[in-house]
Amino acid sequence: MRFDKKIGMLLIITAAFLAPLVLGSYSILVLSEIFVTALFALSLNFVLGYGGMLQFHQAVFLGVSAYAYALFVLHNGSLIVGAILGPIIAVLFGTVMGVFLVRLSGIYFGMLTLALGQLVWAVVFRWYSFTGGGNGIPSIPLPGFLSTSTERYEATLIIFLVSAFLLYKIINSPFGLLLRATGENDTRAESIGANTKTIRLAGLILSSFFAGISGISYVIYSQSVSPDILYWKKSAEILVICLVGGIYTFSGPIIGSVVIVLITTIASQYTEHIAFILGIILLVSVLFMPEGIVGSIKKRIGDRIAADKKYK
Amino acid sequence: MLSVKEIDVCYGKAQALFNVSIHVKKEEAVLLLGRNGVGKSTLLKSIIGFLPPVKGSIFFNGKQISGKKVYRIANGGIAYVPQEREIFPDLTVEDNLAVAEHKTQNGIWNIERIYQFFNPLAKMKKRLGGNLSGGEQQMLSIGRALMTNPKLLLLDEPTEGLAPLIVRMLEEQINKLKKSGIGILLAEQNLQSAFKIGDRAYLMEKGSICYEGSTEDLMKNKDILNRYLGIR
């Protein structure tokens, strides 16, 4: 069973690397978007699903990282340094916000993430002379080794795979265990000696780091930034992706990204009302698959194994 | 080892404990007895730090712990097993134990020892905490507390709502813990169970201590048992 799973994953990864050989440039672009979105969703789920924190405005970290790269490069900074600077700036924002956020819990935590996040968005949106305001920054230079669409595709794929692997390792480390325990029941975690505030802060910082990396991946994919990428709608979208995929599983947000990006891409050819379609998807998933796609499938399989054992 | 000195504890404006003083010596099992709602759980929560006293102080091994953060008190060697057990439902049995692991210098507890101590748990290492029976959850909850290698164990009605067979097994294991040198403060309504474990007992009534004495003396004192616990 486990063996099959590994081979399956290896096949999918190989197929993903070879995809540009058979697929057209548009399909490749959609796949890139899936990788960027999936990494972004994983970074959110790290605090949402595992840390139990209602982070309603994850897009800020993707946004500031992408903007940091764009602005640094625009002012003649080195491309590589810019790419490293992005996640660092995201971590900076994550740390400052986190210090205030960990004092709150539940819905109050969520409200503060929204308030702080919209503050950052407002600054980016209004500071026309520095950020380009509502126009954003078009045609951002990329390093020479990312000049073709295939190269950019492979880059987003590699960034996604490496980051997902690291996140998986962190979640299954002793720190990850403490984060999950804190997420499930923070008073209990505290009474077995865990400093839950520090753990939650560390969780937020790590999450902002990976969101920052997805910001760089986003620039590689789109070669432009606009204030939309750190608007609350972007955060709501990624929240829906996590919920639809399943927040209590590692692969849930990835599957959610595949499903939602594909559906919205196809639907956008017929209608402009994407939010309406997202709403319906969320409604259906909450009503019929409250644990998300992956969560529900796992439960079905679990039930079947349990039933088999019973009758043996 | 533990000494609680004249503490008052409040839930918001409502005072729950009045001038309570108790102490637990090393390797001693002390009972907190009394009817529902007299303040047994409140006292335990106050010791572990969830409800810091508004007056008086709590000392553990000579150091003041009242007013400190819960995780500092826990790391100082006090483990608390709440009445609700509160295991982590989405973590496996193994992870529930691993998450509490504290490697102290003289620590004797590790996952393997917990599995030996609570044998049934060894057969369900990969099962989710939420899918355990009440008795199994209680073993896991105590096991998780032991993983912190405590010097003092606070137990809040560990046998409540469990099958007689499990209750007997828990009594035996708690007695073994006592012999291993861990101090125990046990809040209990099940007297039969409590008397098998305790060396000394405090009786509580309306948020205060109303009787203190050895378990043997208390067992003979029908008048007190009748008055405060309603036993004839």
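Residue numbers (our numbering), protein chains in the order written: chain A, 1 to 312; chain B, 1001 to 1232. Idealized CB from N, CA, C, for every residue including glycine.
Could you run through the stretch 1062 to 1080 of chain B and flag, in chain order, every residue whose CB is less than 7 angstroms away from some CB of chain A?
-> Val1070, Tyr1071, Ala1074, Asn1075 and Tyr1080
Looking at the unbroken beta strand (DSSP E) that takes in Glu1188 of chain B, where does it start and where does it end?
-> Gly1183 to Glu1188
Just reading off the beta strand (DSSP E) that Asn1036 of chain B is part of, what are its end residues?
-> Premise fails: Asn1036 of chain B is in no beta strand (DSSP E) and is neither H nor E.
As assigned by DSSP and simplified to three states, the class of Thr1092 of chain B | strand
First through last residue of the alpha helix (DSSP H) which encompasses Lys1055 of chain B | Careful: Lys1055 of chain B lies outside any alpha helix (DSSP H), inside the beta strand (DSSP E) at Lys1055 to Phe1060.
Quick one, are the C-beta atoms of Ile205 of chain A and Glu237 of chain A less than 9 angstroms apart?
-> no
Residue interval of the alpha helix (DSSP H) (run including Gln1116 of chain B) = Ile1111 to Phe1117
Output the residue ranges of the beta strand (DSSP E) runs that lie fully inside the stretch 219 to 257 of chain A and measure 3 residues or longer, sorted by chain position.
-> none
Cα-Cα separation between Ile159 of chain A and Lys1045 of chain B, rounded to whole angstroms = 47 angstroms
Can you give me the start and stop residues for the alpha helix (DSSP H) that Arg1200 of chain B sits inside?
-> Segment Arg1200 to Glu1205 is the beta strand (DSSP E) holding Arg1200 of chain B; no alpha helix (DSSP H) there.
When burial is assigned at 16 or more other CB atoms within 10 Å of the CB, is Lys312 of chain A buried or exposed?
-> With a pLDDT of 46 at Lys312 of chain A, under the threshold of 50, the modelled position of that residue is not reliable, and no figure is offered here.
Do you know offhand how far Leu1185 of chain B's Cα is from Phe1088 of chain B's?
-> 23 angstroms
If I'm right that Gly63 of chain A touches Val162 of chain A with Cβ under 8 angstroms, what's the distance once you round it to whole angstroms?
-> That belief does not hold up - the Cβ atoms of Gly63 of chain A and Val162 of chain A are roughly 22 angstroms apart, past 8 angstroms.
Near-chain B residues of the stretch 191 to 219 of chain A (beta-carbon distance less than 8 angstroms), N- to C-terminal order = Ser191, Ile192, Gly193, Ala194, Asn195 and Thr196
Which runs of the alpha helix (DSSP H) fall wholly inside the stretch 92 to 161 of chain A and span at least 4 residues, in chain order?
-> 106 to 126 and 128 to 131
Please report the Cβ distance between Leu42 of chain A and Phe210 of chain A, rounded to the nearest whole angstrom; I am assuming they are in contact, meaning their Cβ atoms lie under 8 angstroms.
-> 7 angstroms
Determine the direct distance from the alpha carbon of Ile1114 of chain B to that of Leu1177 of chain B, and round the result to whole angstroms.
-> 12 angstroms
Cβ contact check for the stretch 1115 to 1134 of chain B and the stretch 1083 to 1101 of chain B: 3 or more pairs under 8 angstroms | yes
Span of the beta strand (DSSP E) around Lys1179 of chain B | Where Lys1179 of chain B is concerned, there is no enclosing beta strand (DSSP E), although the alpha helix (DSSP H) it sits in stretches over Pro1164 to Lys1179.
Integer-rounded CB distance, given that Leu1203 of chain B should sit under 8 angstroms from Ile1224 of chain B = 7 angstroms
N- and C-terminal bounds of the beta strand (DSSP E) containing Tyr1011 of chain B = Leu1002 to Tyr1011
Which term fits Ser32 of chain A, buried or exposed, when burial requires 16 or more other beta carbons within 10 angstroms of its beta carbon?
-> buried
Kindly indicate if chain B contains any beta-carbon less than 9 angstroms away from that of Asn185 of chain A.
-> yes
Could you tell me the distance, in whole angstroms, from the CA atom of Arg1168 of chain B to the CA atom of Ile1182 of chain B?
-> 20 angstroms
Could you please tell me which residues of the stretch 1113 to 1138 of chain B, in chain order, have their CB closer than 8 angstroms to any CB of chain A?
-> none
Which of helix, strand or coil does DSSP assign to Lys312 of chain A?
-> Only weak support exists for where Lys312 of chain A lies, its pLDDT of 46 falling under 50; the value from the coordinates is given anyway. Coil, per DSSP.
Within-9 angstroms CB hit, Tyr168 of chain A to chain B | no
heavy atom of the ligand SAM below 8 angstroms from Ile205 of chain A C-beta | The ligand SAM is absent from the structure shown, which contains no ligand whatsoever.
Buried or exposed (CB count within 10 angstroms, at least 16 for buried), Glu1136 of chain B | buried
Reduced DSSP secondary structure (H/G/I, E/B, other) of Phe17 of chain A | helix
If we ignore side chains and look at the alpha-carbon of each, how far apart do Glu272 of chain A and Val47 of chain A end up?
-> 32 angstroms
Integer-rounded CB distance, given that Ser208 of chain A should sit under 8 angstroms from Ala90 of chain A | 5 angstroms
Could you tell me whether the Cβ atoms of Thr1148 of chain B and Ala1074 of chain B are closer together than 9 angstroms?
-> yes
Quick one: what's got a C-beta closer than 7 angstroms to Trp232 of chain A's C-beta in the same chain, skipping five residues either side?
-> His57, Leu114, Gly117 and Gln118
Tell me Tyr1211 of chain B's beta-bridge partners as DSSP assigns them.
-> B:Leu1203
Should Leu177 of chain A be flagged as near chain B, meaning a C-beta pair shorter than 9 angstroms?
-> yes
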